[in-house]
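Taking it in order: structure first as structure tokens, then the write-up.
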Amino acid sequence: MRMKLRLKYSLASLMIFIAVIPAVIVGGLLLKQQTEIETNYQREKLERLSSTLRQEFNYRFYVLSTSLDVLSRDRLLVQAMDDFFLTSHVRETLEPLVSKVPLVESAYLIDSDWEEVENYNGITSQSNFNEIMRYLDEQYEKKLLENGYQWLFTYVDKNLVLNEDNPSDDGLIVVDPIYSSVLSDGLQRKPVGYLVVVIPTENISKMLKMYLTGDEKVTFLRNEKEILNIKSDGSLGSNGLLTLNQKIKIDSDLISNPLEYEVKISMDKKPEEDKFTHSLQIISIVGICMVIVGIFGAAITYRWVTRPLAALMVMVRSYSRGDYDQRERKLRFSEFYQVGELFHEMATTIEEQLEDLASKNTELKQANNQKEKYNRQLINFNDKLEKKVEEKTEELTLSLEREERRRDILKSLLAFSSKLQQDDIKSVVLAQVSSLYPEAHWALKLSNIDNNQWQSDGIDESVLSKVDAVQNKAEYFFVPEIKLLHCFNLIDSSGQLLGRLVMKNEKLARTDLEIVSLFARQLSSTIEGRILNAELERIAVTDALTELPNRKAFDNDFKNNTERLKRYPERQFGLFIIDVNKLKQVNDEFGHYVGDELLKAVSELLIGACRQTDRVYRLGGDEFAILLEEGSEQACCQLATRLEGVRGHTFTQIETGELLPIHFALGWLSSENIPPEKMFQAADKAMYEDKQAYRSSDQL
């Protein structure tokens, strides 16, 4: 018996070893792999940090270089070199450069003699630029520096900034030459001044420090000399450092002498291998303990628990198969005997319940079949009812939508009339119809607007040319070879064609066709009204006989010229008052018809003598006026000379064949010599003096 127990104990121990030992080995391998992953991660992190610092460094200096190039072309800086009063604005120009470019701490404007003109956040009367001046002069003499480029310099132990947050006196200086002209970049020329910005090492440190974590450090070297050392807020460990070296070059298309630095980036190795090894040792010890405890527990459990449990399992399996007649088994523990009794009682109860359940199940099946029958009938009825309700609802919805759309369209048509009286007709019409039918495309042509040209919204010109080819004066027509195109003629009250409205739409119901037709008729009425109003306005300011602007038009234009002269004193205008001589005598001898023909001939003569910018008016009776928009005294003299050259030397022929000479009295003035409010009276007086002189000479 003992040999049997020892064999099972050994078997249990072997099973525990097989389960635990591989787990310990796998755990150790995983820990080792994790150590390698951590090391690789740190190296990748170092490379990413290096790339980020290089990109940030290049980007910041590119922004600075570009900003300096733009600012150096500002004409205000060039003018400030020679104009003391403009230097006060230089500081306002330099302020955005210092405040918005994080690298820059101070900025100076230096003239060609390296004398300070103005600075922002710098130290006035700065003399630390003498070395730079001497260096630049030497480079210019040797022709080693290119015109129009920026230059970089390092400075050490020089106090160039006013800010107390930058205690060190070293950093970078960027010099951007300022030229009097930016249109001669290719020529050798001397700058008129320099724009100098100071970049302390603290600003570079602040810019790059934000990218460093608690265990990272960046060191800048130039010529193997440490220039800048940037550390994060944390402290580096004592377990060794990971280091990456790279070169950073400050260069761009605008920099003549690039600077190159060697950058060393360091980070704590953070060796986690010892921690992982310690964890592996703990896992191994715990595993061994678990093996020992497992062996002991497995033996005890198998001896005292496994056998009774196996007997109970055999009993349960028999009950699960429906075998409820079981012999009594040895279960060793009283608790197991109680469980066995419970299983037996449960099996008896289950057997009785199964018999009762079978009878009730038969009854339920019958009731369920009847219920399913009624449910199917009810479902069919509900489906039919829901379908009818949906159909009726859809019909009502469509009907309501149509009515609502009609009301909205009618409201918009009422508002549309007022818009047509004020705005551009074509734009208003196309906007209105597009809002009513957004899915459609439109085109509009008006005979008296834009030279009878189409204005289209989504319809090709080739299609519209075919519409033009159709000779149809009906309110509605269509082009046979073009589908989905609806054409509406715009016709006035006399049957004249005012234009055409074209609609392209896939679906157009009869009600929509009626609405668009109503819209077209309303548009026709509005256009006809605007044409009539325009004609009435023209008649109101036009002389019916000569078709020249009348006295009302003259008063309006004279007022406008007076107002313009007040706003622009250099825009002088001129006034001519003209009176036709012997008009009453012609009317008495030949009749008023001949007098009218004489007035027409005078109007044509005056128009021919004037420039295109001059305007001729008939004030009434035999009196005319001319307004010269560009009416200096010289221009008025030239027009007076032309008029005097044609009066008395030009004739008009009447029906009898007789030639009547055209003569008129002339008076003129320019606003250059007299206030506008006195011009008319003075010109009229001069005209009467000229008329009196003509009468006197005629009597002689």
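The opening residue of the sequence shown carries number 1 in UniProt numbering; numbering runs sequentially from there.
Where a beta carbon is used, it is the ideal one built from N, C-alpha and C, also for glycine.
Here the structure is a predicted model, which is why all the values come from computation and not from measurement.
Count Cβ pairs between the segment 661-673 and the segment 621-632 that sit closer than 8 angstroms; are there 3 or more? Output reads yes: the segment 621-632 touches the segment 661-673.
Under 8 angstroms by Cβ, that's how I've got N489 and Y437 pegged, so tell me the actual separation to the nearest angstrom. Along the sequence shown, one-based indexing puts residue 489 at 489. Along the sequence shown, one-based indexing puts residue 437 at 437. Not really, about 19 angstroms apart at Cβ, beyond 8 angstroms.
Backbone CA spacing between A665 and Y694 [nearest angstrom]: Along the sequence shown, read from residue 1 onward, the residue named residue 665 stands at position 665. Along the sequence shown, read from residue 1 onward, the residue named residue 694 stands at position 694. Their backbone Cα atoms lie some 8 angstroms apart in a straight line.
Please state the DSSP three-state secondary structure of K209. Numbered from 1 along the sequence shown, position 209 holds the residue referred to as residue 209. In the structure shown, the three-state DSSP call for K209 is helix.
CB F220 to CB Y261, shorter than 8 angstroms? Numbered from 1 along the sequence shown, position 220 holds the residue referred to as residue 220. Numbered from 1 along the sequence shown, position 261 holds the residue referred to as residue 261. The beta carbons of F220 and Y261 sit closer together than 8 angstroms.
Quick one, are the C-beta atoms of E56 and M207 less than 8 angstroms apart? Numbered from 1 along the sequence shown, position 56 holds the residue referred to as residue 56. Numbered from 1 along the sequence shown, position 207 holds the residue referred to as residue 207. Yes. Within cutoff.
One question on the structure: do K445 and R500 come within less than 8 angstroms of each other, judged by their Cβ atoms? Along the sequence shown, one-based indexing puts residue 445 at 445. Along the sequence shown, one-based indexing puts residue 500 at 500. Yes. Within cutoff.
Per DSSP, cross-strand counterpart(s) of L228: Your numbering for residue 228 matches position 228 in the sequence shown. Partner(s): F220.
Report yes if the C-beta distance between L77 and L103 is below 8 angstroms; otherwise report no. As a working mapping, residue 77 is identified with position 77 in the sequence shown. As a working mapping, residue 103 is identified with position 103 in the sequence shown. Cβ atoms of L77 and L103: not closer than 8 angstroms.
Can you check which of these residues, K566, N119, K231 and R60, is closest to T213 by C-alpha distance? Taking the sequence shown and counting its residues from 1, one reaches residue 213 at position 213. Taking each of K566, N119, K231 and R60 in turn and checking the Cα distance to T213, the smallest one comes out for K231.
At the level of alpha carbons, what is the spacing between L627 and K584? Here residue 627 corresponds to residue number 627 of the sequence shown, with the count starting at 1. Here residue 584 corresponds to residue number 584 of the sequence shown, with the count starting at 1. Those two C-alpha atoms are separated by around 26 angstroms.
When you compare only the Cα positions, how much space is there between L548 and Q692? Position 548 of the sequence shown, counted from the start, is the residue given in the question as residue 548. Position 692 of the sequence shown, counted from the start, is the residue given in the question as residue 692. So the two alpha carbons sit approximately 26 angstroms from each other.
CA-to-CA distance, S603 to E655, given in whole angstroms: Locating residue 655 in the sequence shown gives position 655, counting from the first residue. Locating residue 603 in the sequence shown gives position 603, counting from the first residue. Using only the alpha carbons, I get a separation of about 19 angstroms.
Three or more C-beta pairs under 8 angstroms: does that hold for the segment 557-577 against the segment 515-523? The segment 557-577 makes no contact with the segment 515-523: fewer than 3 CB pairs, one atom from each, lie closer than 8 angstroms.
Inter-residue Cα distance where the pair is Y194 and P177: Along the sequence shown, one-based indexing puts residue 194 at 194. Along the sequence shown, one-based indexing puts residue 177 at 177. Cα to Cα, Y194 sits roughly 4 angstroms from P177.
Mind checking who E116 pairs with in its DSSP beta bridge? Start at 1 with the first residue of the sequence shown, and residue 116 comes out as number 116. DSSP lists I110 as the bridge partner or partners of E116.
Rounded straight-line distance, which links the Cα of K392 to that of K384: Against the sequence shown, residue 384 aligns to sequence position 384. Against the sequence shown, residue 392 aligns to sequence position 392. Roughly 12 angstroms between the two C-alpha positions.
Which of the three DSSP states, helix, strand or coil, is assigned to L195? Taking the first residue of the sequence shown as position 1, residue 195 is located at position 195. DSSP places L195 in the strand class (E or B) of the three-state scheme.
Assign H592 to one of three DSSP states: helix, strand, or coil. Taking the first residue of the sequence shown as position 1, residue 592 is located at position 592. Three-state DSSP puts H592 in a helix.
Give me the Cα-Cα distance between G186 and S256, rounded to the nearest whole angstrom. Counting from 1 along the sequence shown, the entry for residue 186 is found at position 186. Counting from 1 along the sequence shown, the entry for residue 256 is found at position 256. Confidence in G186 is poor, its pLDDT being 47 and thus under 50, which makes the residue's placement unreliable; the coordinate value appears in the next sentence. Taking the straight line from one Cα to the other gives about 15 angstroms.
Assign V174 to one of three DSSP states: helix, strand, or coil. On the sequence shown, position 174 is the one that residue 174 refers to. If DSSP states are grouped into helix, strand and coil, V174 belongs with the strands.
Buried or exposed by the 16-neighbour rule on C-beta atoms within 10 Å, applied to A625: On the sequence shown, position 625 is the one that residue 625 refers to. The residue is buried, with at least 16 neighbouring Cβ atoms inside 10 Å.
Can you give the Cα-Cα distance for Q338 and H344, rounded to whole angstroms? Mapped onto the sequence shown, residue 338 falls at position 338. Mapped onto the sequence shown, residue 344 falls at position 344. When rounded, the separation of the alpha-carbon atoms in Q338 and H344 is 10 angstroms.
Suppose contacts are defined by Cβ-Cβ distances below 8 angstroms. Is I250 in contact with V263 by that definition? Position 250 of the sequence shown, counted from the start, is the residue given in the question as residue 250. Position 263 of the sequence shown, counted from the start, is the residue given in the question as residue 263. Not a contact, by the Cβ cut-off of 8 angstroms.
For A498 and I527, which I take to be in contact (beta-carbon distance under 8 angstroms), what is that distance rounded to the nearest angstrom? Along the sequence shown, read from residue 1 onward, the residue named residue 498 stands at position 498. Along the sequence shown, read from residue 1 onward, the residue named residue 527 stands at position 527. Here the sequence assigns Leu to residue 498, which means Ala is not the residue at that position. The Cβ separation is near 5 angstroms, so the contact holds.
What first and last residue would you give for the beta strand (DSSP E) that runs through A534? Indexing the sequence shown from 1 puts residue 534 at position 534. Unbroken run through A534 is the alpha helix (DSSP H), R510 to A540; no beta strand (DSSP E).
Inter-residue CB distance, V433 and W442 (contact presumed, cutoff 8 angstroms): Residue 433 sits at position 433 when you count from the first residue of the sequence shown. Residue 442 sits at position 442 when you count from the first residue of the sequence shown. Their Cβ separation, rounded to whole angstroms, is 5 angstroms, which keeps V433 and W442 in contact under 8 angstroms.
Within the continuous alpha helix (DSSP H) that includes P96, where are the two ends? For the purposes of this step, residue 96 is taken as residue 96 along the sequence shown, with counting starting at 1. It spans T87 to K100 - the alpha helix (DSSP H) in which P96 sits, taken as one unbroken run.
According to the neighbour-count rule (16 or more other Cβ atoms, all chains shown, within 10 Å of its Cβ), is D82 buried or exposed? For the purposes of this step, residue 82 is identified with residue 82 of the sequence shown, where counting begins at 1. A residue is called buried once 16 or more other Cβ atoms fall within 10 Å of its Cβ, and D82, having fewer, is exposed.
Near F576, what residues of its chain come up, given a Cβ to Cβ distance below 6 angstroms and the 5 sequence neighbours on each side ignored? On the sequence shown, position 576 is the one that residue 576 refers to. Its chain contains I626 and W668 as the residues whose beta carbon lies nearer than 6 angstroms to that of F576, once the 5 sequence neighbours on both sides are disregarded; these appear in chain order.
Taking I425 as part of the beta strand (DSSP E), name the residues at either end of that continuous run. On the sequence shown, position 425 is the one that residue 425 refers to. Taken as a continuous stretch (DSSP letters only), I425 belongs to no beta strand (DSSP E), being part of the alpha helix (DSSP H) at I425 to L436.
With 16 other CB atoms within 10 Å as the buried threshold, where does S524 fall? Taking the sequence shown and counting its residues from 1, the one referred to as residue 524 is at position 524. By the 10 Å Cβ count, S524 comes out buried.
Contacting residues, own chain, Cβ-Cβ under 8 angstroms from L53 (five flanking each side not counted): In the sequence shown, the residue the question calls residue 53 occupies position 53. Closer than 8 angstroms at the Cβ level, and outside the excluded window around L53, lie L208, Y211, V218, I248, V263 and I265.
Pick out whichever of V198, E394, V463 and V101 has its Cα sitting closest to the Cα of I132. Position 132 of the sequence shown, counting from 1, holds the residue named residue 132. Minimum Cα distance to I132 is reached at V198.
Apart from the five residues just before and just after F680, which ones in its own chain have a Cβ nearer than 7 angstroms to its Cβ? For the purposes of this step, residue 680 is identified with residue 680 of the sequence shown, where counting begins at 1. Within the same chain, F680 has close Cβ partners L575.
How about K473 and I459: do their beta carbons lie closer than 8 angstroms? The residue labelled residue 473 in the question sits at position 473 within the sequence shown. The residue labelled residue 459 in the question sits at position 459 within the sequence shown. Cβ atoms of K473 and I459: not closer than 8 angstroms.
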